[in-house]
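Working notes for the structure below.
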Amino acid sequence: MKAEVSRVAYTHESVLPEAAVAYWGWAEDGVYVDATVGGGGHSLRLLQRFPSARLYAIDQDPAALAAARERLAAFSDRICWVEGNFRELDRWLGSEKVHGVLFDLGVSSAQLDRPERGFSYQWDAPLDMRMNPNSPVTAFRLVNMRSKEEIAEALRTWGEERWAGRIAEFVVKARAREPIRTTGQLVEVIKAAIPARARREGGHPARRTFQALRIWVNDELGALREGLSGALAHLLPGGRIVAIAFHSLEDRIVKQTFLAWQQEGQGSVLTRRPVLPGPEEVAQNPRARSAKLRAFQKSG
Ligand SMILES: C[S@@+](CC[C@H](N)C(=O)[O-])C[C@H]1O[C@@H](n2cnc3c(N)ncnc32)[C@H](O)[C@@H]1O
Numbered sequence: 341m342k343a344e345v346s347r348v349a350y351t352h353e354s355v356l357p358e359a360a361v362a363y364w365g366w367a368e369d370g371v372y373v374d375a376t377v378g379g380g381g382h383s384l385r386l387l388q389r390f391p392s393a394r395l396y397a398i399d400q401d402p403a404a405l406a407a408a409r410e411r412l413a414a415f416s417d418r419i420c421w422v423e424g425n426f427r428e429l430d431r432w433l434g435s436e437k438v439h440g441v442l443f444d445l446g447v448s449s450a451q452l453d454r455p456e457r458g459f460s461y462q463w464d465a466p467l468d469m470r471m472n473p474n475s476p477v478t479a480f481r482l483v484n485m486r487s488k489e490e491i492a493e494a495l496r497t498w499g500e501e502r503w504a505g506r507i508a509e510f511v512v513k514a515r516a517r518e519p520i521r522t523t524g525q526l527v528e529v530i531k532a533a534i535p536a537r538a539r540r541e542g543g544h545p546a547r548r549t550f551q552a553l554r555i556w557v558n559d560e561l562g563a564l565r566e567g568l569s570g571a572l573a574h575l576l577p578g579g580r581i582v583a584i585a586f587h588s589l590e591d592r593i594v595k596q597t598f599l600a601w602q603q604e605g606q607g608s609v610l611t612r613r614p615v616l617p618g619p620e621e622v623a624q625n626p627r628a629r630s631a632k633l634r635a636f637q638k639s640g
């Protein structure tokens, strides 16, 4: 059974909109892929700028697609909608070759701000964290059913959490009494596991664990690796890939992949240094503060 699409307003402020569209869009009548259409902000700019461009608009979250469909209704005759994961670009694009692919990674503000999605440690909500609400893997399942060692390893690798071992130990003890069902219960377990002195440093004590769980639930890094190589395979000569990353693990994958392709002679990195948002954008949209944009161009 499919999850019901929430009717709450979908709000997301696009990050680095000017730079993203400037790198992504280069051919007036090109075919483009927005691999993470979200609220449709980047796509809207592209379609307005290029009145004869066509677009594949992909998202694994049906609520995002519903919002983007509404926002981009005026351009619907130029858009092919795909509800799915960008790791399967091959499946969605078939034999189509494209001029540019945009990845604006991670979750949208709309997903983060909806308590029932379970992404945030700010509210008490069911432990979910799925971007695709029809996927069988939830944070509840990982927290309650994976071994102590697997949980510790996940928190260490994807959260860079120095208290990973202790948090995993406390999780396993707590769930032996009763399942950890909500974000609030998990936050309490994390707080109990991290010594008081350490808890006072470096932001909210649950931040790293929540990041790790989100990456794990959605296999974000695996999807990114496959999505990037699928994108390269479908690029026309001169075509471009633009990726906006929000944490160092995904940015490292983007940076290393682009560099490896350059060394293999597949094309060139267009951004010697990542493009970062300026202070004005960060002041207006604090979630932009960790964004890093990189672009690659396939050989012509
Ligand atoms: C940061 S938002 C994109 C916002 C969009 N660029 C805008 O301007 O409104 C990221 C979106 O990508 C989607 N997403 C993340 N990983 C995905 C994946 N592997 N496959 C498909 N969609 C994904 C999320 O569901 C979310 O809606």
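In this note's numbering, the protein residues as written are 341 to 640.
For every residue, glycine included, the Cβ atom is placed at its ideal position computed from N, Cα and C.
- At the C-beta level, F636 and V615 stay beyond 8 Å of one another.
- For the 8 Å CB-CB criterion, V557 and L442 do not form a contact.
- The DSSP-derived three-state label of G579 is strand.
- With a cut-off of 8 Å on Cβ pairs, the segment 556-570 is not in contact with the segment 506-525, counting fewer than three such pairs.
- For R454, the closest C-alpha among the options A362, M469, D444 is that of M469.
- In the three-state reduction of the DSSP assignment, Y363 falls in the helix class, which pools H, G and I.
- For V377, the secondary structure class from DSSP, reduced to helix, strand or coil, is coil.
- In this structure, L575 places its C-beta atom within 8 Å of the C-beta atom of K638.
- Distance from the CA atom of A450 to the CA atom of S475, rounded to whole angstroms, is 19 Å.
- The three-state secondary structure of K437, taken from DSSP, is coil.
- Per DSSP, reduced to three states, the secondary structure at Q637 is strand.
- Within the DSSP secondary-structure output, D444 pairs in a beta bridge with I584.
- For I530, the enclosing alpha helix (DSSP H) stretches over residues 523-533.
- Taking 7 Å as the cut-off, one finds no heavy atom of ligand 1 near enough to the beta carbon of M469.
- In the structure shown, D399 adopts extended strand secondary structure according to DSSP, grouped into three states.
- Between W498 and A546, the C-beta spacing is not below 8 Å.
- Taking 8 Å as the cut-off, the Cβ atoms of T597 and L633 do not count as close.
- For V422, the enclosing beta strand (DSSP E) begins and ends at 419-423.
- S354 has its CB nearer than 7 Å to a heavy atom of ligand 1.
- Setting aside the 5 residues that flank it on each side, A628 is surrounded in the same chain by V355, P617, E621, V622, each with a C-beta closer than 6 Å to its C-beta; the list follows chain order.
- Rounded to whole angstroms, R506 and I534 show a C-alpha spacing of 7 Å.
- Contact between L384 and Y372 does not hold, since their C-beta atoms are separated by about 12 Å, which reaches or exceeds 8 Å.
- Taking every protein chain shown into account, the CB of T351 has fewer than 16 other CB atoms within 10 angstroms, so this residue is exposed.
- Taken in chain order, the unbroken stretches of alpha helix (DSSP H) that lie wholly in the segment 530-561 and span 4 residues or more are 536-539, 547-557.
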